[in-house]
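Chemist: Could you have a look at this structure, given as structure tokens, before my questions?
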Amino acid sequence: GDSVTQMEGPVTLSEEAFLTINCTYTATGYPSLFWYVQYPGEGLQLLLKATKADDKGSNKGFEATYRKETTSFHLEKGSVQVSDSAVYFCALRSMNRDDKIIFGKGTRLHILP
Amino acid sequence: NAGVTQTPKFQVLKTGQSMTLQCAQDMNHEYMSWYRQDPGMGLRLIHYSVGAGITDQGEVPNGYNVSRSTTEDFPLRLLSAAPSQTSVYFCASSLYRGSGYTFGSGTRLTVV
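Quick mapping for you: the protein sequence lines, in order, are chains W and L.
Counting along the first sequence from 1, when you hit position 105 you're at 105 in our numbering, and nothing is skipped either side.
Our numbering runs 1000 ahead of the 1-based position in the second sequence.
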């Protein structure tokens, strides 16, 4: 079945460092891909998405490119801030009839001032 | 404000009690789902609905029931609460298949 694998955390970086959180997926067809962010005590918020191969989603300085050949959707940011500290979830929306969104287990990010 | 509203935000139940977690959205979204979030487990799908009158099971449906009598509401019922159901529950909705979900702020449930 469809699945999402993302790097385990926690990831700890200094402010202004470059961020990469790896995400790979297994799915039939061409699923939509997403990154969600969860701040402490809150629900998940959609950060960015891509719906077809080679699409680049971007928002708030974060970017991710839909790579069909490597089945990846890695999240990147050039210069992180303390306010980026959160848990990040990679997800795909299955194109099967069951129409599920499948999440990775999340990566906790700590940014040190 | 438009969005997904979950009530209550916090709840403590005794083992064996039943309750309903409420979820309502005012965005006219067809797709709605319930997830539970547990440490180290990420989010797991409990039940989902692709429209009013249509529901189906996710990966962890046991002990939970849902119904979808209107487009707006998607309540989750715990039939007989167990400590294993202690979790944070999120309701989510989306307009169409390729769009991202909008999540509610969650219900933190403790079963003692």
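Where is the CB? At the ideal position from N, CA and C, for every residue including glycine.
Can you find at least 3 beta carbon pairs, one from the region 26 to 44 of chain W and one from the region 58 to 75 of chain W, that sit closer than 8 Å?
Modeler: In short, these stretches touch, since the Cβ pair count reaches three.
Chemist: When DSSP labels each residue in this structure, what does L/ASP1038 get in the three-state scheme?
Modeler: Strand at L/ASP1038.
Chemist: Please determine, among L/MET1041, L/LEU1076, L/ARG1036, the residue with the shortest C-alpha to C-alpha distance to L/LEU1021.
Modeler: Taking only the C-alpha atoms, the option nearest L/LEU1021 is L/LEU1076.
Chemist: Out of L/VAL1111, L/THR1110, L/VAL1112, L/GLY1106, which one is the CA nearest neighbour of W/PRO40?
Modeler: It is L/GLY1106.
Chemist: Flag this pair as yes or no: are the beta carbons of L/MET1032 and L/LEU1095 separated by less than 8 Å?
Modeler: It is not a contact, given that the beta carbons lie outside the stated cut-off.
Chemist: Using 8 Å for Cβ pairs, my map puts L/GLU1072 next to L/ALA1024. What's the rounded Cβ distance?
Modeler: Contact holds; Cβ gap of about 5 Å.
Chemist: Measuring straight from C-alpha to C-alpha, what distance separates W/PHE73 and L/LYS1014?
Modeler: Their Cα atoms are separated by approximately 42 Å.
Chemist: Counting only Cβ pairs nearer than 7 Å, list the residues of chain L close to W/PHE154.
Modeler: Because residue 154 of chain W is not part of the residues shown, which for chain W are 1 to 113, the question remains open.
Chemist: Pick from W/THR26, W/TYR88, W/ALA50, W/SER94: whose alpha carbon is nearest that of W/THR107?
Modeler: Checking every option, the nearest Cα to that of W/THR107 belongs to W/TYR88.
Chemist: Using a Cβ cut-off of 9 Å, pull out every chain L residue sitting near W/GLY78, in sequence order please.
Modeler: Here the premise fails: no neighbours, minimum Cβ distance about 23 Å.
Chemist: Terminal residues of the continuous beta strand (DSSP E) containing W/ASP56?
Modeler: Rather than Asp, the amino acid found at residue 56 of chain W in this sequence is Lys. Element bounds for W/LYS56: 56 to 59.
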